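The sequence shown: position 8 = 8 (full-length UniProt numbering), numbered continuously. By construction, the Cβ of each residue, glycine as well, lies at the ideal position given by its N, Cα and C atoms. All of these numbers come straight from a predicted model, not from anything done at the bench. A short worksheet on the structure shown next.
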Amino acid sequence: QTFEKLLIANRGEIACRVIKTCKKMGIKTVAIHSDVDANAVHVKMADEAVCVGPAPTSKSYLNMDAIMEVIKKTRAQAVSLNESICCSCFIYRKQKSQKGVTFIGPDTHAIQAMGDKIESKLLAKNAKVNTIPGFDGVVKDADEAVRIAREIGYPVMIKASAGGGGKGMRIAWDDEETREGFRFSSQEAASSFGDDRLLIEKFIDNPRHIEIQVLADKHGNALWLNERECSIQRRNQKVVEEAPSTFLDPETRRAMGEQAVALAKAVKYSSAGTVEFLVDSSKNFYFLEMNTRLQVEHPVTECITGLDLVQEMIRVAKGYPLRHKQADIPINGWAVECRVYAEDPYKSFGLPSIGKLSQYQEPLHVPSVRVDSGIQQGSDISIYYDPMISKLITYGSNRAEALKRMEEALDNYVIRGVAHNISLLREVIIHPRFVQGDISTKFLPEVYPDGFKGHKLTDLERRELLATAASLYVAEQLRSQRFLGTPRIPIAKSKRSSWELSVRLGDGIYPVAVSKDGTSFSVEADGMKLNVTSEWNLASPLLSVTIDGTRRTIQRLSRNASGDTSIQFLGTVYKLQILTKDAAELSKYMPEKAAEDTSSILRSPMPGAVVAVSVKPGDMVSEGQEICVIEAMKMQNSMIAAKTGKV
């Protein structure tokens, strides 16, 4: 026996994930949505859907009055909440005495205790859980923040007491950064969580971020479901996760698991939850926080344990005891998750991108691939919500197999209409340091100190790209001569079998000779002969090409009459210009368009809301001075002057 109807107070991939399990269990679902999400996937998947307000989350997905009204109107017996309203919802429920409604998750006390980073740290200490040295109270103002930071010793981490997901967090290495960090963290915390309280603790330099999944019931039983390695991060937000971790030995795993369970029992926790730890190079681990919800990265745990965590949460909420003992929890194989975001990875490892998904195709034809998404072709990625497109998960009997499948899945993922981070994800998973398991939370800035620049082609890869691009060009020329399978003009010479081309790639111009042999092309590129074969289905967004026996999946994103073409090759998009030898000779006479001088303009690198302007017309500003603050996808970004001048 279970619930008849469940309301999901969430959106995107996590709402879709809950609906899938509810369908499996025979539970009817109610979705809530903002007016801009009226055509969202979770709205279409649910049995019922109700609009709860306009686009901003504070007026819709966090609108408690509207959500309570929907619960009453739809007669939902249970509610699955988004993390930002869990705590306030329970308090609200007490005030409004919403009887007969079960919340899928832990009870009020556990959510409030663990949702407050200050209280949770004190509870963890009492439960004999290792904690990070720091100040255990609330920091009142910037001056107090500086005094505390000096006492603890730099570097320090300033973070929102009610925070999560990397929001309201800043690392400070000196007094000035502490003052700035205090200002931005408190503003972000207030806008994201409605609570601007901050705490300060010692920043553990170069750690790993490893978390333990726990599952507990209302009968005093609690299990740890192994760990997840979440060290690949940008701006304190996870990008790539895997389970298990390459770093933990069985003894450390057990010690971390037992401390996580001890903490869960100390707060009488009952549901799925995650205890996060920082682990240093000597395998010392420190409690970071406990998330009282289903984490974004939960699929990797499901892959290696075989458990459906949403189903377990619903069973626990209904009052059933856990079905498993600690000895039953296995580590079967290896799972890797990449968070696919609508972001430009070439700007600070990922600044949000907005737009409509003009073409979208998930790589579900690749074996052992799971995609958790809340969007489809035609969906809008807006400034109001998190820019996540999907969670891409691959599974293998070992790590090498899971990573190989991830590489193939990323190559076969079609996303058009918005910028995305697939190039960065693919580079991370093939990087020698990552493959060896030599990672920390500083992986991205250490591996790419000057920022991410895309895949650096080897000489052979460059020739493969040149040969593929030239073959594509010729295949298209041949196709354009035919009409319904016959030559367009009967007198046209269709027997041409060789082409001399000039291909521009980056700063180089390469002569390329192509000759046709059946469905394959023999290409001489950059002084080397290559054989390129494919079905040459130019209407398909994905092209499988074999170059001298090596199979590659490429995507041609654009082309124009001037010979310009964009090709996604090994995850990165390369811009090429392909011309015949004669056209290349004549192109030397074409005037080049001068680049716009933008040194006197401050242009926001992403769409967002202007939340503060620090100058006015007529002010003199110096290079590096703050001009304004832009809030995009709940993160605040300081915009600074590129040079000294007058506004």
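- By the C-beta density criterion, E176 is exposed, having fewer than 16 other C-beta atoms within 10 angstroms.
- Secondary structure note for P299: it is in no beta strand (DSSP E), and the uninterrupted alpha helix (DSSP H) holding it is 298-305.
- For Q555, DSSP records a beta bridge to Q568.
- P299 is positioned such that its CB atom lies no closer than 9 Å to that of D386.
- Counting only runs that start and end inside the stretch 210-282, the beta strand (DSSP E) elements of at least 3 residues fall at 222-234, 237-243, 272-279.
- When rounded, the separation of the alpha-carbon atoms in E69 and V316 is 25 Å.
- For E302 and A266, the gap between their C-alpha atoms comes out near 25 Å.
- Taking a contact to require three or more Cβ pairs closer than 8 Å, the stretch 545-557 and the stretch 463-473 qualify as touching.
- Membership of E337 in the beta strand (DSSP E) is indicated by the continuous run 334-341.
- Taking a C-beta distance under 9 Å as the contact criterion, I331 and I304 qualify as a contact pair.
- Out of T57, E585, N221, K20, the CA that lies nearest to the CA of D47 is found in K20.
- One thing to note: L223 has its Cβ within 9 Å of the Cβ of L322.
- A distance below 7 Å between beta-carbons, with the five flanking residues on each side excluded, links E211 to the following residues of its chain, in chain order: E227, R228, C230, T274, V275, E276, F277.
- G220 is classed as exposed because its beta carbon has fewer than 16 other beta carbons within 10 Å across all chains shown.
- Contact between I111 and V79 does not hold, since the beta-carbon distance rounds to 13 Å and is not under 8 Å.
- Taking C-beta atoms under 8 Å as the contact rule, I389 and V340 qualify, at a distance of about 5 Å.
- Minimum Cα-Cα distance from L392 among the listed residues I422, A264, Y384 corresponds to I422.
- Annotated three-state conformation of E201 is strand, per DSSP.
- Nearest C-alpha to I132 among K117, K202, L6, M169: K202.
- Distance check between K44 and each of E13, T57, N63 places E13 closest, using alpha-carbon atoms only.
- Each residue's CA atom was taken as its position, placing S480 and N560 some 14 Å apart.
- For V615 and M639, the gap between their C-alpha atoms comes out near 11 Å.
- Our two residues, V139 and G153, have alpha carbons roughly 16 Å apart in a direct line.
- Judged by beta-carbon spacing, T102 lies within the 9 Å limit of K318, meaning their Cβ atoms are closer than that value.
- According to the DSSP assignment, F521 belongs to no alpha helix (DSSP H) but to the beta strand (DSSP E) extending over 520-525.
- Under DSSP, the beta-bridge partners assigned to V30 are L7, E48.
- In this structure, DSSP gives T2 a state outside helix and strand, which the three-state scheme calls coil.
- DSSP places I389 within a strand segment (E or B) once states are collapsed to three.
- V50 is positioned such that its CB atom lies no closer than 9 Å to that of I27.
- DSSP places I104 outside both helix and strand once states are collapsed to three, so it counts as coil.
- Taking 3 residues as the minimum length, the beta strand (DSSP E) runs contained wholly in the stretch 132-164 are 156-164, in order along the chain.
- When K529, Q311, E464, Q359 are compared, the shortest CA-CA separation from S540 is found for Q359.
- A Cβ-Cβ separation of about 17 Å leaves E241 out of contact with E343 under the 8 Å criterion.
- Approximately 5 Å separates the beta-carbon atoms of Q577 and D564; this is inside 8 Å, confirming the contact.
- Taking a contact as a CB-CB distance under 8 Å, the pair A124 and L225 does not count as one, their CB atoms being some 19 Å apart.
- Within the stretch 376-453, the runs of beta strand (DSSP E) that reach at least 3 residues and sit entirely inside it are, in chain order, 388-396, 414-416.
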